[in-house]
Structure formats: structure tokens, C-alpha cells
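**Student:**
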Amino acid sequence: MLRTCLCFSRSLISRVTPSMPAWLSRRLPQSIRRRTLLVVLLLLTFFSLLISIISFKDASHETEELFDARLAQQARILQALTLGIDAADLPEQKKQALQTSISHALIQNQEKAHKYENKVAYQVWRREELLFQSDSAPAGQLSTRQKGFDQREHLRYQWRTFTLSDYQSGIRVIVAEREDVRGELVDKIVAQTLAPDLISLPLMGILMWWAIGWGLSPLQHLAQLIRNRDPGNLEAIELRPLPDELAPVQYSLNSLLEQIRSMMAREQRLIADAAHELRTPLAVLKIHAQNAMQAETSDDRNQALEQMVNGVDRSARIVSQLLTLARLEHQQGDEAFISTQLIQESRQQLAQLMPLAWDKSVEVSLEADETLNWETYLEKGCLEIILQNLVSNSVKFSSEGSDIQVEWQQSDDGFSLIVRDKGPGVPDEVLNRMTERFFRSGHGAGAGLGLSIVQRIVERHGGSMRLSHASPGLRVCLVFPRTGLVDTGANSEFFS
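Residue 180 in the numbering used here sits at position 108 of the sequence shown, with consecutive numbering throughout.
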């Protein structure tokens, strides 16, 4: 029983949890903790890589801008140093010293063997005459452009160049830088950005494993409560404190337990009722059987056997009514509700009951305004049960030659079925107890279940049942809503 509850909770969780593709669900771990951890780590890794790609592109762009600005600045510094200097008039020693100073100024380092020294080059031209150049510069011109940026391949490397020209003096300054310098800087930026994430990812996985386990502890507590329960304990489950996510699970479990508790109570009541109602008829049958065995004459034997047949018929009626009552109490939902033509169906059912009325010379009439629409939704077979119980009771308590009126009426409330007989009626103190189970007025041979069954059917359809005096006789009025359906929700039940 509790296993059924647990399976129900699992199915409920699967419905509440956002759906994912079937192929992905099959490949993920079945553990909620492992599945959540795996998904979170995958998302973190994905977004870390995405951020790294975006950072790489942004860093590349910004680095290009920065290095281009530095090339332009270096060109202007070099132009300022060389304007007004006539390299042809300088001694070679001073010319070399000036060239070294320019190189140090461009790479911003005073050490001779700087790692970027071979990656930066410059040339100073005056018209077609080369005045100065770095050791890393090629023999020819670094760029043929008169001004601006350019790309050139030299010694299997790509070089970024910037040219600045002074048209008055004819000085043209070219500053170049290898592209791999920029690549190294971008790689360092991305590595410094991504490295902390990669290093912290295992630590985050451990912390998330603990955090997810802590977050799932109420679910484990709920499972522990169910696991430790006695199979016969159907009381409501109380989880304190109750997380919002588990509130619908606890509510559904408690609703299921309540339904199981009600179902078991109905079954126990049915067993008790059957035992109570069948004990006396079976005892009477035994007495009649003994009388038949001990009868000295055939008349006594036939009389005992006739009493046995009547007892068997009564027991069969009791069993049939008990089963009908049990079926009504166990049915839920509106799956069995069908479109019903009330007048047509009533006429068919009354035709089947006519032999019962003819035995007592009782006339049964059906009255209704057939110009109206009598279509509604009723549970399949319920009108047959209603008419059988009401008409058979009326025939049983009516005197010979009397009549029974069956009438259908319409009002704003819905459809009304009125059954009126001219029997002896019932006292006022008995009238309100007529729908109680196993209540018999006087010394009737019935089981006292007929009106109880009718009332349950009417309540199932959201209607009402009223008993009143007919002077003489009894008047039973059933009111059905026009829809014939009861909005009970997915998990509601019609009877307690």
C-alpha cells in the first residue's frame, strides 16, 4: 500500500519536473543529485567556454587597437628624434649610438637582449635614402605605403606596420611589429581569465555536491518517513519544515492515503453490512431446509421449499443491492456519463417493469411534455437502477388496482423526476429516515437499501432527493442539474 504511495509520488515528481528529450533523459544518471550536478557543471563549463571565446575576441580587438596606437606613438617619437638630423654629416660612431638610443626608446627597455627586440623593427627614410633602421629590419622597405597601417610578411612572420611621412623634409618613418607579439598578449589574457575557472571547477563540483545533497534532504526525510511507516498506518504525512517544492507531493500523498483509507472503510462497511444482512436470511434458509427434511407430508415439504425459494430470492436481492451500492461508492470521474434521452429511456425501463405491476393490477403511467428537450448526461445504467427501485417499492406498498404516476418536469434547476404512489404512506417520524441504509419501515421484507442507492446516484450527479406525503401514499422527487455532471476535479470522489 505504501509502495503504491511512493510510486505515486515518483510519478508526480516526474510530472512536475520540467520535461527533457527522451534520449537525453536515458543518458543522464537516475540519481537526482548526480543529474543536477552533471547538468550544472556542464552549464558552467559551457558558459565558461562561451565567455572565454567572447573574451578572446574582445581581447584581440582591444589588443589590436592598443598595439596600433603604440605603433603610431612610436612612429611620432621616432619622427621627432630624427627631424633636423642630417645622418650623412654624423660620424659613424654617433650614428650607431643614436640608432641604439632609438631602439631602446621604442622597446622601452634598457637591456640589450630584450625578448621583444627582434620582434620590433623600424626604418627612417629620406626620400629614397635609408637613414636609420633596426637590426631586425629587412634590407628593403618595411612598407611601400606613404602613411597609415599595412601588413607585410618578412622572414615567415606577419608584420604590422605604420608609416608616418613629413612631406616638407621628405622624412618617412616606418615602425613595424610582429603579429605574434599581439597573439602572446591575447593568449595570456585569456589564460589568466580562464585559469581560475578551470582550477575552481572541481572545488565547485564538491561544494555543489554537498549543497544539492543538503537541498534534497527534505526529500530524503520524506522517503524515510514513508519507509519507516507501519503498513497499516494511513494517517496523513506531516513533513516539518515543508519546502514549497514538496508541498504538492505531500498533499498528493495525503490525498492518496485519504482515498485508500476511505476505500478500506467502505470495504469494511460492505463486509459488515453483508454479514449483518445475510446472517438472518441464511439462518432462515437453514430452518426451512430442516423443515423440508423433517416434513411428514408433501404439503408441509412444499411449503418449506417455497419458503426457501422466497428466502433465496430475498438474499439475491440483498446481494445485488449491496454490490450496486459498492459499485456506486467506488466509481470516480465522469468516464461513464453518457448522453441520455430521459423520456425515451424511462419509457423503455417502465416497459420492463410492467409485469411486476400487472401481478398486482397496478397501473403505471408516464407523464412529460415531449415538446421539450429531454437530453442530458447521466451515468450509464443509473436511470434503470433509479426506476427499478422507486417503481418496485411503489408497487410493493400499493394496494391492488391502484396507480403509480411517473412524471418528468423541467425548471431552472434542471430536470425533476417525480414518482407518486397511493400506498399507505409513512409516518412523519419515519419519513426523514427512509434514505438510511438498512432502515425498514414496518415489517417490510426488503433490505432497506433501495432509497439509499437512489440517493447516492442523485448526489453523484450533483442533484437532490426529497420525500414527502402524497395523501395518500408517498411522493419521491429527484432533481438533476441540466449538465448531469459534477465538477469534482481530477482526484476527487463522489462519496465519503
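Even glycine gets a Cβ: it sits at the ideal position worked out from N, Cα and C.
Only a predicted model underlies this, so the values are computations on that prediction, with no experimental measurement involved.
Quick one: grab the DSSP three-state call for residue 449.
**Tutor:** If DSSP states are grouped into helix, strand and coil, residue 449 belongs with the strands.
**Student:** By the 10 Å Cβ neighbour count, where 16 or more other Cβ atoms means buried, how is residue 239 classified, buried or exposed?
**Tutor:** Per the 10 Å Cβ criterion, exposed.
**Student:** In angstroms, rounded to a whole number, what distance separates the CA positions of residue 360 and residue 466?
**Tutor:** Roughly 29 Å separates the two Cα atoms.
**Student:** Are the CB atoms of residue 309 and residue 325 nearer to each other than 8 Å?
**Tutor:** Against a cut-off of 8 Å, the Cβ pair of residue 325 and residue 309 comes out as a contact.
**Student:** Along the chain, where does the alpha helix (DSSP H) containing residue 215 start, and where does it finish?
**Tutor:** Looking at the DSSP string, residue 215 is not in any alpha helix (DSSP H), and its letter there is neither H nor E.
**Student:** Mind reading off the beta-carbon distance from residue 482 to residue 444? Whole number of angstroms is fine, and I expect it under 8 Å.
**Tutor:** So it is a contact: roughly 6 Å between Cβ atoms.
**Student:** Would you mind working out which of 315, 234, 201, 198 sits nearest residue 214, comparing C-alpha positions?
**Tutor:** Checked all of 315, 234, 201, 198; the closest Cα to residue 214 is 234.
**Student:** Going by DSSP, name the residue or residues bridged to residue 204.
**Tutor:** Paired residue(s): 196.
**Student:** Between which two residues does the alpha helix (DSSP H) carrying residue 277 extend?
**Tutor:** Counting along the chain, the alpha helix (DSSP H) containing residue 277 begins and ends at 251-287.
**Student:** Got a sec, what are the start and stop residues for the beta strand (DSSP E) residue 220 sits in?
**Tutor:** 220-226 is the span of the beta strand (DSSP E), which, as asked, contains residue 220.
**Student:** Let me check understanding here. Comparing Cα to Cα, which of 461, 525, 552 lies closest to residue 485?
**Tutor:** Of the listed residues, the one whose Cα sits closest to residue 485 is 552.
**Student:** Under the three-state reduction of DSSP, which class applies to residue 474: helix, strand or coil?
**Tutor:** Coil, per DSSP.
**Student:** Under the rule that 16 or more other beta-carbon atoms within 10 Å means buried, what is residue 141, buried or exposed?
**Tutor:** Exposed is the call here.
**Student:** Report the residue from 125, 103, 107 whose alpha carbon sits nearest the alpha carbon of residue 263.
**Tutor:** Among 125, 103, 107, the Cα nearest to that of residue 263 is on 125.
**Student:** If you run the structure through DSSP and keep just helix, strand and coil, what is residue 501?
**Tutor:** Residue state, collapsed to three classes: helix.
**Student:** In chain order, what residues of the same chain have a beta carbon less than 6 Å from the beta carbon of residue 193, not counting five sequence neighbours either side?
**Tutor:** Closer than 6 Å at Cβ, skipping near neighbours: 206, 208, 209, 248.
**Student:** In angstroms, rounded to a whole number, what distance separates the CA positions of residue 266 and residue 330?
**Tutor:** So the two alpha carbons sit approximately 56 Å from each other.
**Student:** Using DSSP with H/G/I as helix, E/B as strand and the rest coil, what is residue 239?
**Tutor:** Three-state result, residue 239: coil.
**Student:** By DSSP's criteria, residue 481 is part of a beta bridge. Which residues make up the other side?
**Tutor:** Note: residue 481 sits in a beta bridge opposite 488.
**Student:** So, is residue 458 buried or exposed, given that buried needs 16 or more other C-beta atoms within 10 angstroms?
**Tutor:** Its Cβ being crowded by 16 or more others within 10 Å, residue 458 is buried.
**Student:** Between 489, 250, 353, which has its C-alpha nearest residue 222's C-alpha?
**Tutor:** Out of 489, 250, 353, 250 has the C-alpha closest to the C-alpha of residue 222.
**Student:** Compare the beta carbon distance of residue 450 and residue 436 with 8 Å and say whether it is the shorter of the two.
**Tutor:** No, Cβ-Cβ distance for residue 450 and residue 436 is not below 8 Å.
**Student:** Taking the alpha helix (DSSP H) that residue 112 belongs to, which residues open and close that run?
**Tutor:** Residues 104-154.
**Student:** How big is the Cα-Cα spacing for residue 318 and residue 291?
**Tutor:** Taking the straight line from one Cα to the other gives about 7 Å.
**Student:** I'd like to check one pair, residue 548 with residue 478: are the Cβ atoms closer than 8 Å?
**Tutor:** No, the pair does not count as a contact, with Cβ atoms beyond the cut-off.
**Student:** With burial defined as no fewer than 16 other Cβ atoms inside 10 Å of the residue's Cβ, what is the status of residue 108: buried or exposed?
**Tutor:** So residue 108 ends up on the buried side.
**Student:** State the beta-bridge partners of residue 549 as determined by DSSP.
**Tutor:** In DSSP, residue 549 forms a bridge with 490, 538.
**Student:** Could I get the ranges of all uninterrupted beta strand (DSSP E) runs contained in the segment 355-422, with 3 residues as the minimum, in chain order?
**Tutor:** List check, beta strand (DSSP E) in window: 409-413.
**Student:** For residue 554, which residues from the same chain have a beta carbon less than 8 Å from its beta carbon, with the 5 sequence-adjacent residues on both sides left out?
**Tutor:** Result list for residue 554: 448, 486, 487, in chain order.
**Student:** In chain order, what residues of the same chain lie with their CB nearer than 7 Å to the CB of residue 228, ignoring the 5 residues before and after it?
**Tutor:** None.
**Student:** Can you look up residue 211 in the DSSP assignment and give me helix, strand or coil?
**Tutor:** Residue state, collapsed to three classes: coil.
**Student:** Mind checking who residue 438 pairs with in its DSSP beta bridge?
**Tutor:** DSSP lists 478 as partners of residue 438.
**Student:** If we count Cβ pairs, one from each stretch, closer than 8 Å, do we get three or more for the segment 298-314 versus the segment 354-368?
**Tutor:** Not touching, per the Cβ criterion.
**Student:** Excluding five sequence neighbours on each side, which residues of the same chain lie with their C-beta closer than 7 Å to the C-beta of residue 583?
**Tutor:** This structure leaves residue 583 out entirely; the chain is present only between 73 and 568.
**Student:** DSSP three-state label for residue 232, please.
**Tutor:** Looking at residue 232 - three-state DSSP - the assignment turns out to be strand.
**Student:** How would you label residue 259, buried or exposed, when you count the other beta carbons within 10 angstroms and need 16 or more for buried?
**Tutor:** Flag for residue 259 reads exposed.
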